[in-house]
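In what follows, a structure is listed as structure tokens, so that the remarks can point back to it.
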Amino acid sequence: QASTQADIADEVWELADALMIWGRLRCDKKMLDRAKNTRMILRMGVGFDALDIEEAGKRGIPACNVPDYGTTDVADHAIGLMLSLTRGIVQVHKNIVADPVGNWRTIDIPQMRRVRGSTFGVVGCGRIGTAAGLRAKALGMNVIFYDPYVPDGKDQSVGFERRDTLEDLLCEADVVSVHTPLTPETDSMINARAVSCMKDDAILITTARGRVVDLDAVTEALEANKIAAAGLDVLPEEPPEPDHRLFMALKAGEDWTVGRVVVTSHVAWFSPDGARDCREKAAETVISYLADGVLKNCVNKHFLKNERSA
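Numbering (the numbering used here), first residue to last: 3 to 312.
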């Protein structure tokens with residue numbers, strides 16, 4: 003099993019008709035130089051920031067992703083993070099493990115609350131954002147969304163309310179759930195300025211791409227009680243630096259972290275069924291193009307078009 007480009011011999015690279023990128027590998031110019039005969043690259047997942055889609059486009063190579071394999075799992079995980087915080091599940095569990103008798107009682111966790119009737123804000127209302135919003139709606143929450151790329155009428159078809167700016171959504175939502183891809187536009191989109199727009203008792207959930215959310219800004223807001231809690235499945239750097247302020251505070255059990263932060267290790271996408279779906283859909287996409295010339299889920303059409311018209 004290869005974990006770096008160097009683990010694969012040059013003659014193997016030259017035989018590849020397609021590259022299916024998994025895990026932390028990146029398909030960059032160096033990889034494309036080695037895979038001289040490849041006709042397609044594919045990221046086995048929704049996010050495609052690990053692919054140099056512009057460089058591939060310059061070479062006339064389509065770059066694709068698997069946009070629909072993890073919708074159920076990631077949406078479930080986002081709601082799970084929310085409920086872990088609003089019901090105090092993780093903190094109560096820790097307390098019971100520490101002292102089963104003394105802590106067998108109702109405890110006061112500030113953000114422990116009923117979600118019915120509160121507002122769930124979806125940032126990025128694609129497949130996963132929509133699925134998460136529908137789950138929140140089923141819990142009796144009012145759902146609003148911000149996504150400038152979703153056409154008019156989406157709100158009517160799913161029963162959500164559109165907000166025209168990110169700030170409008172952040173000011174109103176009791177729970178903010180981030181579901182955008184990582185692009186130059188969304189890189190650090192949830193920054194200090196954005197977090198400052200949120201309610202003091204709001205909860206931030208992110209299961210998207212790590213760099214969409216500024217971890218330093220979220221940490222500072224939590225410590226200053228400017229937001230109530232955060233559920234984080236993705237981080238700007240994975241694995242994180244152990245000496246980051248947030249993780250040092252969590253390890254030390256500092257008061258401002260107690261019951262207010264849940265971190266999972268980029269596992270929202272995973273289930274055995276989901277992993278199988280991803281592999282199967284990725285293989286189907288590659289075979290469809292190589293065998294039949296039918297291109298699906300291409301994410302660099304604009305670069306291909308520019309190259310062909312040059």
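Note that CB positions come from ideal geometry on N, CA and C, so glycine has one too.
Within 7 Å, strictly: CB atoms of residue i and residue j
i, j, result
"S316", "I207", "The question about residue 316 has no answer, for the chain in this structure spans 3 to 312."
"Q93", "G261", "yes"
"R165", "I192", "no"
"M42", "A20", "yes"
"A284", "V99", "no"
"H246", "A210", "no"
"S273", "D75", "yes"
"R129", "D70", "yes"
"P183", "G49", "yes"
"G90", "I63", "no"
Beta-carbon proximity list for residue i, same chain, < 6 Å, skipping 5 on both sides
i, result
"C66", "L44, T287, N299 and C300"
"A223", "V197 and I229"
"G135", "V124, V145 and F162"
"I173", "Rather than Ile, the amino acid found at residue 173 in this sequence is Cys. Answer for C173: C199, listed in chain order."
"E225", "W258"
"A194", "A219"
"C280", "M46, V68 and Y71"
"V177", "M84, F122 and I205"
Cutoff 7 Å; reference residue i; Cβ partners in own chain excluding five residues on either side
i, result
"V264", "L83, S86, L87, V92 and G233"
"A138", "I81, F122 and V145"
"L237", "G212 and L217"
"E169", "C199"
"A4", "I10"
"E240", "G212 and H268"
"T221", "R247 and L248"
Whole-Å CB distance - residue i paired with residue j, under 8 Å assumed
i, j, result
"G72", "W271", "4 Å"
"F305", "E56", "5 Å"
"A58", "N227", "Contact doesn't hold; Cβ gap of about 46 Å is too wide."
"L171", "G123", "5 Å"
"A175", "A204", "6 Å"
"A231", "Q113", "5 Å"
"V214", "T188", "5 Å"
"D149", "C127", "4 Å"
Neighbourhood of residue i by C-beta, 8 Å cutoff - its chain only, sequence neighbours within 5 removed
i, result
"D12", "R36"
"N39", "E16, L17, A18 and D19"
"I23", "C29, I43, L44, R45, M46, A52 and L53"
"R115", "T88"
"G320", "As displayed, the chain neither begins before 3 nor continues past 312, which places residue 320 out of reach and without an answer."
"V296", "S290"
"L292", "D19, A20, R41 and M42"
"E243", "F249"
Neighbour flag for residue i against chain B, beta carbons, 7 Å
i, result
"P241", "In summary, chain B is missing from the structure at hand, where a single protein chain is found."
| Is it true that the stretch 134-148 meets the stretch 117-125, where meeting means three or more beta-carbon pairs spaced less than 8 Å apart? | yes
| request: Can you check the stretch 7-79 for any beta strand (DSSP E) of at least 3 residues that lies completely inside it and give the ranges in chain order? | output: 20-23 and 42-45
| query | Of all the alpha helix (DSSP H) runs that stay within the bounds of the stretch 89-146, which reach a length of 4 or more residues? | reply | 91-100 and 129-140
| Hey, which unbroken runs of the alpha helix (DSSP H) at 4 residues or more fall wholly within the stretch 154-178? | 156-160 and 168-174
| message | As an exercise, report each continuous alpha helix (DSSP H) stretch of at least 4 residues that is fully enclosed by the stretch 209-265, in chain order. | response | 217-225 and 247-254
| task | Could you name each continuous alpha helix (DSSP H) segment of 4 residues or more that falls completely within the stretch 262-294, going from the start of the chain to the end? | result | 274-294
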